[in-house]
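There are 2 protein chains.
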Amino acid sequence: MRKIGVQEIEDIAVGAALLGTGGGGDPYIGKLMAIQAIEEYGEITLLDADEVPDDALVVPSSMMGAPTVMLEKAPSGEEALVAFRNLEAYLGEKIYATFPIEAGGVNSMLPFALAARLGLPVVDADGMGRAFPELQMVTFYLDGIPATPAILADEKGNTVLLSTIDNVWTERIARAATVQMGGSAMTAMYSMRGRNLKESGIQNILKLEEEIGRTIRLAKENNVNPVREVIKKVKGYQLFHGKVNDINRKTESGFAKGTATFEGMQENKGETLTLRFQNEHLLARTEQRLLCVTPDLIAVLDAETGLPITTEGIRYGARCIVIGIPCHPKWRTEKGIATVGPKYFGYHVDYVPVEKLVKEGVRS
Amino acid sequence: MRKIGVQEIEDIAVGAALLGTGGGGDPYIGKLMAIQAIEEYGEITLLDADEVPDDALVVPSSMMGAPTVMLEKAPSGEEALVAFRNLEAYLGEKIYATFPIEAGGVNSMLPFALAARLGLPVVDADGMGRAFPELQMVTFYLDGIPATPAILADEKGNTVLLSTIDNVWTERIARAATVQMGGSAMTAMYSMRGRNLKESGIQNILKLEEEIGRTIRLAKENNVNPVREVIKKVKGYQLFHGKVNDINRKTESGFAKGTATFEGMQENKGETLTLRFQNEHLLARTEQRLLCVTPDLIAVLDAETGLPITTEGIRYGARCIVIGIPCHPKWRTEKGIATVGPKYFGYHVDYVPVEKLVKEGVRS
Numbered sequence: 001m002r003k004i005g006v007q008e009i010e011d012i013a014v015g016a017a018l019l020g021t022g023g024g025g026d027p028y029i030g031k032l033m034a035i036q037a038i039e040e041y042g043e044i045t046l047l048d049a050d051e052v053p054d055d056a057l058v059v060p061s062s063m064m065g066a067p068t069v070m071l072e073k074a075p076s077g078e079e080a081l082v083a084f085r086n087l088e089a090y091l092g093e094k095i096y097a098t099f100p101i102e103a104g105g106v107n108s109m110l111p112f113a114l115a116a117r118l119g120l121p122v123v124d125a126d127g128m129g130r131a132f133p134e135l136q137m138v139t140f141y142l143d144g145i146p147a148t149p150a151i152l153a154d155e156k157g158n159t160v161l162l163s164t165i166d167n168v169w170t171e172r173i174a175r176a177a178t179v180q181m182g183g184s185a186m187t188a189m190y191s192m193r194g195r196n197l198k199e200s201g202i203q204n205i206l207k208l209e210e211e212i213g214r215t216i217r218l219a220k221e222n223n224v225n226p227v228r229e230v231i232k233k234v235k236g237y238q239l240f241h242g243k244v245n246d247i248n249r250k251t252e253s254g255f256a257k258g259t260a261t262f263e264g265m266q267e268n269k270g271e272t273l274t275l276r277f278q279n280e281h282l283l284a285r286t287e288q289r290l291l292c293v294t295p296d297l298i299a300v301l302d303a304e305t306g307l308p309i310t311t312e313g314i315r316y317g318a319r320c321i322v323i324g325i326p327c328h329p330k331w332r333t334e335k336g337i338a339t340v341g342p343k344y345f346g347y348h349v350d351y352v353p354v355e356k357l358v359k360e361g362v363r364s
Numbered sequence: 001m002r003k004i005g006v007q008e009i010e011d012i013a014v015g016a017a018l019l020g021t022g023g024g025g026d027p028y029i030g031k032l033m034a035i036q037a038i039e040e041y042g043e044i045t046l047l048d049a050d051e052v053p054d055d056a057l058v059v060p061s062s063m064m065g066a067p068t069v070m071l072e073k074a075p076s077g078e079e080a081l082v083a084f085r086n087l088e089a090y091l092g093e094k095i096y097a098t099f100p101i102e103a104g105g106v107n108s109m110l111p112f113a114l115a116a117r118l119g120l121p122v123v124d125a126d127g128m129g130r131a132f133p134e135l136q137m138v139t140f141y142l143d144g145i146p147a148t149p150a151i152l153a154d155e156k157g158n159t160v161l162l163s164t165i166d167n168v169w170t171e172r173i174a175r176a177a178t179v180q181m182g183g184s185a186m187t188a189m190y191s192m193r194g195r196n197l198k199e200s201g202i203q204n205i206l207k208l209e210e211e212i213g214r215t216i217r218l219a220k221e222n223n224v225n226p227v228r229e230v231i232k233k234v235k236g237y238q239l240f241h242g243k244v245n246d247i248n249r250k251t252e253s254g255f256a257k258g259t260a261t262f263e264g265m266q267e268n269k270g271e272t273l274t275l276r277f278q279n280e281h282l283l284a285r286t287e288q289r290l291l292c293v294t295p296d297l298i299a300v301l302d303a304e305t306g307l308p309i310t311t312e313g314i315r316y317g318a319r320c321i322v323i324g325i326p327c328h329p330k331w332r333t334e335k336g337i338a339t340v341g342p343k344y345f346g347y348h349v350d351y352v353p354v355e356k357l358v359k360e361g362v363r364s
């Protein structure tokens, strides 16, 4: 158990945006929300998963929708409160703690903003160890934990309570409702017991995010190469060094979908990297080689500062280093690959672990 | 109070399909559902609105979605039960009676099928006196009665509970959810008190539907012209006599939308009628004249049998008589026209009452 204040939030926001692999929302908006809540309500207690009683009711806080929309339609905090209160009323039980559903600039911060207002602790665990675009894409789904009862709440005052036969149905109906609600909605779903979170959650993820953020911050202060330091911290690989020369992005069916291409620089001169995303970066390849593919993590970093760039933040001309990070082993199981592997997203490649792609230079 | 058996159901189904102006579902499916329920559970009690206690909880039963989908995906009855039980649980109160939300082959029959199973009476009132495609298009909306809490239930076992800031938001979110649920869903919404139904509902609508159905049936038995008899019964007007020569229909955003054209016969020889619909027939015009426009009723009848033809039942070559019927005065108010008038549906004409169009031959 420890306290989370403004500096911790600043660092977590940066690390979360990196593990968010382009999705999960803008870290600037996310940290403003959390910092504002801390300044108004005081520091937040962060618990290790082991500190949560086995039968305690815990509920992740998250936002559903296209990050492109979240940029224009920042959550007020009121929706999250409504979603949690409605879920408590439905379950007839108080919520003991909250936690992030995924890594992401906004989605890692929401639990802090909400926890500060509600006086709840935050648990250091999430359901992905990265970000993914659909709501059945969580380790909880792999472990058979239902998403419903699920509440959606928008900033206008509309709420939806879903009860579905499985989590893929929750995604389908909630996504359609979210589009109508203006492209994003606050959610309260995947309510579970402390023991479920310990077994199924990805633990110490906020700690890792904080360390990533601190690494980038200190590298700047100490005048060392932040990208190299970050790669060491996350046990990742440098995939490509290049300059954005095309970006094609549209908000479609509630997702930010598109492609970015990077013209190689230095060691990658003469090559072109194509990055495909759906809220998150999902596939990186050059003309010759497949570099990294979902569920392994692809992060785009500013070549100079090492700061992560979200899909909606990619700008023409930006000099970037694209890195790859092995995903959590839960995603490399058969059900994991079926749920979030390249085929699910319509890419005609087999999943090959990034460490293998990097070593063997598999042809694309 | 009186009992409704199989013959009454047969007649109501036909009359409801006529007042359903092409929408509201196929009367054959509707009456099968109701007759099956009566045969299994016994006759149903029909109450006049005046017989319902002022503070009794009453809830209409209806189906949401494209009638083209309802044809292929007939409701099992289980969904309706789930929707009603969930609403009762949410409100913490037993439902006293049910009633149809609109006139229509399926939607006028659903309350009977459900009432038989639940042992509830049906009230002789609805919220339109015809059919309309969107769920805020009820007299209850004109009178400020909220649609929510609203339950949607599908045949797979998914349910949605909506709580929205107004009935137009209920329509938007419920429509999107319905599309995901496979194009149709059972609903329990617009719960109200007996006094609301008396003030806001359109009373004795089932009686009128039964009389229309009986008129058509007896005309056939007595060898008199059924169309002429029906027009007298509903105080309507013959608009056009013709043969279907084109039909263009697609299921889009959860609606059956399209256009049908009729080549004039006999007194209309040389003219062409264009009929535009969105689940319901909404506008009828020839090259020269506007004949009838929403919210007045447009019904397409088989020229020989006088039986109503739904939008999805219109077939190339069918000989039809198109009739117009003045709508209930509630729809001719300013809010009524704003809610269901031609401009709302994107037609660039002003609303003119059908009796005026017929007398003055207003140019289209």
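So the sequences go chain by chain: V and H.
Taking UniProt numbering as reference, the numbering of the first sequence is continuous, increasing by one, and the terminal residue is 364.
Taking UniProt numbering as reference, the numbering of the second sequence is continuous, increasing by one, and the terminal residue is 364.
Note that CB positions come from ideal geometry on N, CA and C, so glycine has one too.
Output the boundary residues of the beta strand (DSSP E) element that contains M243 of chain H.
A small fix is needed here, since residue 243 of chain H is Lys in this sequence, not Met. Counting along the chain, the beta strand (DSSP E) containing K243 of chain H begins and ends at Y237 to E252.
I'd like to know whether the C-beta atoms of R195 of chain V and D54 of chain V end up nearer to each other than 8 angstroms.
Contact check for R195 of chain V against D54 of chain V passes: the beta carbons are separated by less than 8 angstroms.
Terminal residues of the continuous beta strand (DSSP E) containing M33 of chain V?
For M33 of chain V, there is no enclosing beta strand (DSSP E); the enclosing alpha helix (DSSP H) covers residues P27 to Y41.
Classify A318 of chain H as helix, strand or coil using the three-state DSSP reduction.
It is coil, neither helix nor strand.
If T310 of chain H sits next to G105 of chain H, beta carbons under 8 angstroms apart, how far is it from one beta carbon to the other, in whole angstroms?
6 angstroms
With 7 angstroms as the C-beta to C-beta threshold (strictly closer), list the residues of the stretch 154-166 of chain H near chain V in chain order.
K156, G157, N158, T159, V160, L161, L162, S163, T164 and I165
Within 10 angstroms of its Cβ, does residue 365 of chain H collect 16 or more other Cβ (buried), or is it exposed?
Residue numbering for chain H in the displayed model covers 1 to 364; residue 365 of chain H lies beyond these limits and cannot be assessed.
When we look at the beta-carbon of V58 of chain H and count the other beta-carbons within 10 Å, is it buried (16 or more) or exposed?
buried
Can you pull the chain H neighbours of A176 of chain V, defined as C-beta to C-beta under 7 angstroms?
A176, A177, V179 and Q180
Whole angstroms are fine: how far does the CA of T215 of chain H sit from the CA of G254 of chain H?
Those two C-alpha atoms are separated by around 34 angstroms.
With a cut-off of 8 angstroms on the beta carbons, I'd call V322 of chain H and L290 of chain H a contact; round off their distance for me.
That belief does not hold up - the Cβ atoms of V322 of chain H and L290 of chain H are roughly 13 angstroms apart, past 8 angstroms.
For T21 of chain H, which residues of its own chain have a beta-carbon under 7 angstroms away from its beta-carbon, when the five flanking residues on both sides are left out?
The residues R130, A131, E280, H281, L297, I298 and A299, in chain order, have a CB closer than 7 angstroms to that of T21 of chain H in the same chain once the five nearest residues on each side in sequence are set aside.
Please compile the residues from chain V whose C-beta is within a distance smaller than 8 angstroms of the C-beta of I145 of chain H.
Residues of chain V passing the Cβ test: none, with the nearest at roughly 18 angstroms.
What are the partner residues of residue 366 of chain V, as DSSP defines its beta bridges?
The structure shown has nothing for residue 366 of chain V, since chain V only spans 1 to 364.
Compare the C-beta of W169 of chain V against all C-beta atoms of chain H and say whether one is closer than 8 angstroms.
yes
Using a Cβ-Cβ distance cut-off of 8 angstroms, determine whether R172 of chain V contacts chain H.
yes
Using a Cβ-Cβ cut-off of 7 angstroms (strictly less than) and excluding sequence neighbours within five positions of Q203 of chain V, which residues of its own chain qualify?
A49, D124 and A125
Whole angstroms is fine: what's the gap from L357 of chain H's alpha carbon to F140 of chain H's?
28 angstroms
With a threshold of 8 angstroms, are at least 3 pairs of Cβ atoms found where one atom belongs to the stretch 157-175 of chain V and the other to the stretch 96-103 of chain V?
no
Using alpha carbons as the reference points, say which of V:E51, V:K3, V:G15 and V:G324 lies closest to G42 of chain V.
V:K3
Alpha carbon to alpha carbon, how far is A17 of chain H from M137 of chain H? Give it in angstroms, no decimals.
Cα-Cα distance, rounded: 18 angstroms.
Which of the three DSSP states is assigned to G264 of chain V in this structure?
Three-state DSSP puts G264 of chain V in a strand.
Is E79 of chain H buried or exposed, if buried means 16 or more other CB atoms sit within 10 Å of its CB?
buried
Specify the secondary structure class of T311 of chain V as computed by DSSP and reduced to three states.
helix
For I231 of chain V, I'd like the list of residues in its chain whose CB is within less than 8 angstroms of its CB, leaving aside the five on either flank, ordered along the chain.
Y237, Q238 and I323
Name the two residues that bound the continuous alpha helix (DSSP H) containing G213 of chain V.
I205 to N222
Going by C-alpha to C-alpha distance, which of H:Y28, H:M181 and H:L275 sits closest to M109 of chain H?
H:Y28
May I ask you to report which of helix, strand or coil DSSP gives S191 of chain H?
Looking at S191 of chain H - three-state DSSP - the assignment turns out to be coil, as it is neither helix nor strand.
In angstroms, rounded to a whole number, what distance separates the CA positions of E312 of chain V and T305 of chain V?
18 angstroms
Just to confirm before moving on: does the CB-CB distance between G24 of chain V and N86 of chain V stay below 8 angstroms?
no
Return no unless some Cβ of chain H is closer than 8 angstroms to the Cβ of S364 of chain V.
Note that S364 of chain V scores 45 on pLDDT, short of 50, meaning its location in the model is unreliable and no value can be drawn from it.
Please report the residue range of the alpha helix (DSSP H) in which P111 of chain H lies.
L110 to L118
Can you tell me where the alpha helix (DSSP H) with K3 of chain H in it begins and where it stops?
Looking at the DSSP string, K3 of chain H is not in any alpha helix (DSSP H); the run it does join, the beta strand (DSSP E), is R2 to I4.
E190 of chain V: which of V:P329, V:D11 and V:L91 sits nearest, CA to CA?
Before going on, a small fix: residue 190 of chain V reads as Tyr here, not Glu. Per the Cα distances, V:L91.
Please say whether E210 of chain H and D26 of chain H have beta carbons closer to each other than 8 angstroms?
no
By Cβ distance, which residues of its chain are closer than 7 angstroms to N268 of chain H, with the 5 residues on each side in sequence left out?
F240, H241 and G242
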